[in-house]
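Scroll down for the structure; my scribbles are underneath it.
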Amino acid sequence: MDDLQFQLDMVRALNQQLNGKEKMYQLVCSTSQNAFLYIDFQKNTLDVLGNWKGFFDFQADTPKDMIKLLDLVDDKDKNKLQKILFLEKTGAQSKVAECHLSSTGKWLEFECTVCYDGNFPIEKVIRIRDITKFKKQNEELRYLAYYDMLTGLYNRNYFVSILSDWIREAQESGETVAVMCVDIDNFKKINDGLGLVAGDELIQAFGLFLKGFMDERIIVSHVTDDTYYIAVRNPVESHSPEKLFDAIVKRVEEPFRLMGGHEIFISVCAGVAEFPEAASNSLELINCSEIVMFRAKEHGPNSMRYFETPIFQDFIDNINIENKLKEAVNMNRFVLYYQPQYDSKSQKLRGVEALIRWQDESGKMISPGVFIPIAEKSGMIVPIGMWVLEEGIRKYAAWRENYNCNMVLSLNISAIQYKRPDFVSNLLEILEKYKVNPKDIELEITESVLIDDFEQVVSKLRTLKEYGIKISLDDFGTGYSSLSYLKGLPIDTLKIDKSFIDTVIQDESTQVITESIVSMVKKLGYETVAEGVETEEQYEYLKKIDCDNIQGFLLGKPMPAEDIAGLLRQNCATG
Ligand code: C2E
Ligand code: CA
Ligand code: CA
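In structure tokens, the structure reads:
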């Protein structure tokens with residue numbers, strides 16, 4: 283009896299515990315944001331728990347009602363959901379699927395878990411969760427990862443990834459893939475003039491126009507400020523780069539209207555490189571198109587150029603020279619040659635012009651005509667120019683001490699070097715260091731120095747002149763060559779370019795120009811130097827028209843410092 287009572291108490295206690303657990307489950311389910319379906323296979327019943335009403339406006343009473351869920355999700359997700367709802371048919375234990383409901387814009391996650399007894403399913407639970415917010419966040423992240431915020435075009439990474447896929451496919455199919463780099467001309471000026479906001483607006487507006495090209499064969503990306511890349515697979519007919527560029531040019535012939543009433547006209551240049559001709563991978567292809575775009579810019583606004591092997595070779599050569607120049611600076615591989623200048627009447631030595639040479643590893647002398655333009659572009663001209671100043675002045679000081687000669691040292695100064703704020707102080711420091719009188723130094727500048735900020739350039743020239751340093755205008759006749767601006771320029775000497783001297787004997791109009799330059803310059807009180815004088819005839823003519831000084835192969839080629847020492851020995855003995 284006691285035993286039976288005990289057993290009854292046990293059962294009651296267990297039941298109570300079960301009720302408690304069930305209550306707890308109920309509570310958990312009803313406060314959950316999720317909805318649950320519980321299916322008992324043996325009883326063939328379906329129970330709905332949790333936030334079902336928050337999701338659906340129909341009731342589910344039997345397992346068959348689950349079919350109604352299939353009607354709600356988008357077509358593309360129906361199959362997937364069916365597999366989840368009837369997971370027991372596959373024998374799997376659990377599975378998850380994300381489905382989209384276009385009718386409500388929601389994303390739902392269905393997770394099904396089946397319990398088996400041997401091979402027989404006993405019960406299953408389907409949990410339904412709203413993942414719309416999570417999906418949206420993911421989409422935003424995806425957007426950030428793949429798109430450019432300013433224009434909504436593909437960003438560089440996404441563009442490269444699609445382009446790489448296309449190239450991989452083209453490798454097999456034998457198709458062509460073109461990359462076109464499109465760049466707005468003088469964007470910096472527009473941006474500076476209009477301000478950043480309007481600049482951004484222009485970038486957006488032009489980007490929006492390019493976006494119109496996008497289709498299954500064309501993708502467009504925005505990479506930096508004013509540079510866009512377009513990739514075209516199988517670029518023929520309406521998809522050819524010429525056709526696209528025609529459309530672009532047609533568009534930019536019309537103004538872009540910005541907020542605030544601005545109307546802006548722009549021009550663009552484009553470079554095109556194609557796989558497989560130009561490069562074999564996406565990054566190289568993009569690089570090639572950019573290099574060619576810069577070449578197109580040299581042809582003026584609204585130009586487009588195609589990749590050609592020589593362009594690329596030229597570019598590579600430049601890079602090689604640039605690297606070698608850096609090495610040359612570090613290894614001290616530069617040498618100065620000096621070319622004498624003579625007074626045309628007395629034939630006395632007027633001075634020497636320092637001309638740089640680069641001795642490469644094999645001992646070969648490389649002409650400055652080859653490397654100075656590259657050094658200017660890369661900024662290497664600054665350390666190189668400093669070296670020229672110091673080396674030239676050091677040598678000059680030694681000559682002065684040894685031969686006590688009265689002559690001028692001419693030094694070529696690049697515009698970039700001249701514009702440095704520390705240029706004057708550096709030069710004065712070197713003169714001080716070697717105890718050289720500034721009056722013995724002449725700086726040769728070209729008209730390119732005068733472009734940009736004329737006032738500032740002139741004020742610096744005045745400062746130099748106050749110290750007694752002479753200024754010579756080099757290559758006269760090749761730049762603006764306007765005699766009118768010469769008047770206000772604080773210079774001492776004018777060098778008539780070799781191109782005049784070359785033809786002055788045969789060509790009458792060159793004679794007229796040369797003569798008027800010489801007489802005008804004399805009136806202004808400047809000295810004249812004719813450069814590139816190679817023949818007696820040229821020399822006699824120049825003397826006749828009263829050109830003060832002569833420089834050229836006829837009287838002396840550029841030579842190493844030792845040879846100048848020999849020259850000084852003779853000259854100073856007689857003079
Ligand atoms: P540039 O200043 O006009 O120098 C005159 C150039 O003409 C020199 O060439 C000289 O060797 C050459 N030349 C002189 N007389 C004759 C002649 O009778 N016939 C012929 N055919 N040529 C003659 P180089 O030394 O090759 O220099 C070329 C240019 O490189 C220079 O032109 C100058 O613009 C630049 N350069 C040279 N040294 C320096 C330097 O130290 N700094 C900077 N910034 N530029 C330099
Ligand atoms: Ca010169
Ligand atoms: Ca010159």
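Residues in the sequence shown are numbered from 283 upward in steps of one, following our numbering.
Virtual Cβ for every residue (Gly too), placed ideally from N, Cα, C.
These figures come from a predicted structure and were not determined experimentally.
Coil, strand or helix - T760 by DSSP: In this structure, T760 counts as coil in the three-state DSSP scheme.
For N862, the residue or residues it bridges with in DSSP: As shown, the chain starts at 283 and ends at 857. That puts residue 862 outside it, with no answer to give.
DSSP-derived helix/strand/coil call for R411: Three-state result, R411: strand.
Residues near K747 by beta carbon distance below 7 Å, same chain, minus five either side: So the list reads I753, P772, once near-sequence residues are dropped.
Through-space distance from T372 to F337, alpha-carbon basis: The straight-line gap from Cα to Cα measures roughly 27 Å.
N516 Cβ short of 7 Å to ligand 2 heavy atom set: No - ligand 2 has no heavy atom lying nearer than 7 Å to the Cβ of N516.
Identity of the residue in M462, A480, I472, N473 nearest L565 by Cα: The shortest Cα separation from L565 among M462, A480, I472, N473 belongs to M462.
Within 8 Å, strictly: CB atoms of A342 and W448: No; because the gap between Cβ atoms is not below 8 Å, this pair is not in contact.
Range of the contiguous beta strand (DSSP E) that encloses K388: Start and end: 388 to 399.
Backbone CA spacing between K579 and V690 [nearest angstrom]: Here the alpha carbon of K579 sits roughly 42 Å from the alpha carbon of V690.
Status (buried if at least 16 other CB within 10 Å, exposed otherwise) for A317: A317 counts as buried, since no fewer than 16 other beta carbons sit within 10 angstroms of its beta carbon.
Reduced DSSP category for G848 - H, G, I as helix; E, B as strand; rest coil: G848 carries a helical assignment under DSSP once its states are collapsed to helix, strand and coil.
Pair within 8 Å by beta-carbon distance, K780 and V811: No, these two residues do not count as a Cβ contact at 8 Å.
E635 beta carbon near ligand 2 (any heavy atom closer than 7 Å): Flag set: Cβ of E635 near ligand 2.
Selection from K525, F441, N516, I321 that minimises the alpha carbon distance to Y510: Check the Cα spacing between Y510 and each of K525, F441, N516, I321: the tightest is with F441.
Contiguous alpha helix (DSSP H) assignments of at least 4 residues, all confined to the region 295 to 379: Whole alpha helix (DSSP H) segments, 4+ residues: 334 to 337, 349 to 354, 357 to 367.
With 16 other Cβ atoms within 10 Å as the buried cut-off, status of K769: Exposed: under 16 other Cβ atoms inside 10 Å.
Beta strand (DSSP E) runs wholly inside the region 414 to 491, at least 3 long, in chain order: Uninterrupted beta strand (DSSP E) stretches at least 3 residues long and entirely within the region 414 to 491 occur at 459 to 466, given in chain order.
Bridge-paired residues (DSSP) for V550: Paired residues: I466.
Distance cut 5 Å, beta-carbon to ligand 2 heavy atom: residue list by chain order: Working through the chain, the matches are N694, E726, D756.
Member of K493, K418, T458, E545 whose CA lies at the smallest distance from the CA of L476: Of the residues K493, K418, T458, E545, the one whose Cα lies closest to the Cα of L476 is E545.
Contact under 8 Å by Cβ, R499 with N516: Closer than 8 Å, so yes.
Boundaries (first-last residue) of the alpha helix (DSSP H) holding A812: Per DSSP, A812 belongs to no alpha helix (DSSP H); it is in the beta strand (DSSP E), 809 to 813.
Cα-Cα separation, T856 to A847: Legend: pLDDT at T856 = 46, less than 50; position of this residue unreliable, no value from coordinates given.
Contact test: V815 Cβ vs ligand 1 heavy atom, cutoff 7 Å: The answer is yes for V815.
Cβ contact check for the region 592 to 612 and the region 806 to 822: 3 or more pairs under 8 Å: Too few Cβ pairs lie closer than 8 Å, so no.
Whole-number beta carbon distance between L445 and F495, since they are thought to touch under 8 Å: By a beta-carbon distance limit of 8 Å, F495 does not contact L445. Their separation comes to about 15 Å.
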